[in-house]
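To convert, take the position in the sequence shown, counting from 1, and add 42; that gives the numbering used here. Ideal placement from N, C-alpha and C gives every residue a C-beta, glycine not left out.
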Amino acid sequence: MSVDLKKRLGLKTAVMGLAAAMAMGLAGHDAMAKDINSRIIRFGYGLADSSPSGHAVRFFAEEVAKLSDGKMKVKTYGNGSLGSDEQMQNALIGGSQELTFVSTAPLAGMVKGYGVFDLPFLFDNEKVADAVLDGPEGRKLLDALPEKGLIGLLYWENGFRNITNSRRTIDSVEDIKGIKLRVMQNEVALAVFNGLGANAIPMPFTELFTALETKTVDGQENPLSTIKTSKFYEVQSHLTISNHVYTPFVLLASKRWWDTLTPDERDVITQAAKTSQAYQRKISREADSAALQYIKDQGVEVSRFSTAEKEKIRETLEPIVAKLRVEIGPETVDGIMKAAQQAAQQ
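Set out below in structure tokens:
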């Protein structure tokens, strides 16, 4: 090989090395150039740390740390340690807490449209629920929150709700009559269960176990994984697989806090929320299946509403649902129902 050729090859190698070094330097500069500050973020929630959503909160925290190169640290507070859903929701509005997730019931007190999710037998299955919630109709409800002091990031899953009680087997609408049933704190849940003949009692979730234990209430309705992780099977002898309502969780941020974030910091939270959504829904559904077997193993009697019984319940509630449609907002109810029908046909 000639000296001249060696020189040219050496020069080419040097140029390539310099280009690679510059590219790495630019990439590093780009990462450092992101406008991300050191922040401590308080994420409180009402469910047990051991619940699927508790695991998802920690997953979210890890994603935020990873995406922010450790600058944004999410501190998690489960088991209602920062208060009830309503108290944490108000803490977000006031700016004394940054993140939480709540059922749609507390939100219905400020945005009536969220009451639509308490209407019975709205979604046939989780696939339909995902399509509606992640679509335009679900986004409309999230977009109504900023003017209330909240940012609705997206929906997680609470799941299909089922009834437990300590008095008797419930496998027909007649069996519900006279049962003192804790319901979520909104008018739709009250109207639905009172319409079925129950004595519906609104109560914060954080007070529920004690109320069941002392028989202040006879029963409650929640997803199977919540019934398991909250140990309601210890004080409830009957479970009815009713799947009467599908309840989403709404992942919320404080608008006061959100408005202080840089665009890059908002991107971190938004990306972590999206990644954790898929994770939370997956483990929530796996946990529901495992929870049913676990609850059975604890000696709880399990019954189910038949298809005919569900139809009877729908008929019983028709006049109540018609009235609630007006109160919640016909545009919201009709939009969600139409989206659900379209999703069911796909």
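Counting only runs of 4+ residues fully inside the region 243–283, write out the alpha helix (DSSP H) ranges in chain order.
250–255 and 266–271
Roughly how many angstroms lie between the CA atoms of Ile221 and Gln262, to the nearest whole one?
10 angstroms
Taking a contact to mean a Cβ-Cβ separation below 8 angstroms, would you say Pro94 touches Asp127 in this structure?
no
According to DSSP, residues forming a beta bridge with Leu89
According to DSSP, Leu89 bridges with nothing at all.
Any beta-carbon of chain D closer than 8 angstroms to the one on Lys108?
Among the chains in the structure shown there is no chain D, since it carries only a single protein chain.
Residue nearest to Arg81 in terms of C-alpha spacing, selected from Glu351, Gln322 and Val310
Val310
Would you tell me roughly how many angstroms separate the C-alpha atoms of Ser318 and His97, rounded to the nearest one?
10 angstroms
Suppose contacts are defined by Cβ-Cβ distances below 8 angstroms. Is Leu366 in contact with Ala173 by that definition?
no
Comparing alpha-carbon positions, which option in Val106, Phe165 and Lys273 lies nearest Gln387?
Phe165
Beta carbon of Glu140 nearer than 8 angstroms to that of Arg84
yes
Leu223, enclosing beta strand (DSSP E) - first and last residue:
Lys222 to Val225
Quick check on the DSSP output: the alpha helix (DSSP H) that includes Gly341 runs from which residue to which?
It is not in any alpha helix (DSSP H) - Gly341 carries neither H nor E in the DSSP assignment.
Indicate the three-state DSSP secondary structure (helix, strand or coil) for Val144 in the structure shown.
strand
Confirm, please, whether the CB-CB distance from Ala295 to Leu109 is below 8 angstroms.
no
Which class does Ser345 belong to by DSSP, given the choice of helix, strand or coil?
strand
Could you spell out the range, first to last residue, of the beta strand (DSSP E) harbouring Gly201?
Leu192 to Asn207
For Ser80, write down the residues that DSSP places opposite it in a beta bridge.
The partner list for Ser80 (beta bridge, DSSP) is empty, contrary to what the question assumes.
So, helix, strand or coil for Phe159, using DSSP?
helix
Reference Leu161, options Pro178, Asp217 and Met226, closest by Cα
Met226
Given this structure, state the Cα-to-Cα distance separating Glu353 from Trp198, to the nearest angstrom.
28 angstroms
Closer than 7 angstroms: Gly157 CB and nearest the ligand SAH heavy atom
For the structure depicted, the ligand SAH is absent and the ligand set is empty, with no information on it obtainable.
Under the three-state DSSP convention, the category Met114 falls into
strand
Hey, how far is the Cα of Asp376 from the Cα of Thr258?
37 angstroms
Nonlocal neighbours in the same chain, by C-beta distance under 6 angstroms from Phe102, ignoring five residues either side:
Ala314 and Ser318
DSSP three-state call for Leu109: helix, strand or coil?
helix
Taking all protein chains shown into account, do 16 or more other C-beta atoms lie within 10 angstroms of the C-beta of Arg356, making it buried, or fewer, making it exposed?
exposed
Rounded to the nearest angstrom, what separates Arg323 and Phe163 at their Cα positions?
20 angstroms
Using C-beta distances below 6 angstroms, list every residue in its chain close to Ala133, excluding the 5 sequence neighbours before and after it, in chain order.
Gln139
Within the same chain, show all residues whose beta-carbon is closer than 8 angstroms to that of Ser345, passing over the 5 residues directly before and after it, in chain order.
Thr211, Ile212, Asp213, His280, Leu281, Thr282 and Ile283
Lys297 - containing alpha helix (DSSP H), residue span:
Lys297 to Trp300
If you check the beta carbons only, do Val215 and Glu351 fall under 8 angstroms apart?
yes
Which of helix, strand or coil does DSSP assign to Gln388?
coil
Taking buried to mean at least 16 other C-beta atoms within 10 Å of its own C-beta, is Gly122 buried or exposed?
buried
Compute the Euclidean distance between the alpha carbons of Val342 and Gln383, then round it to the nearest angstrom.
35 angstroms
Would you please state the rounded distance, in angstroms, between the beta carbons of Gly270 and Ala333? I believe it to be under 8 angstroms.
Here the sequence assigns Lys to residue 270, which means Gly is not the residue at that position. Sure, about 4 angstroms apart at Cβ, within 8 angstroms.
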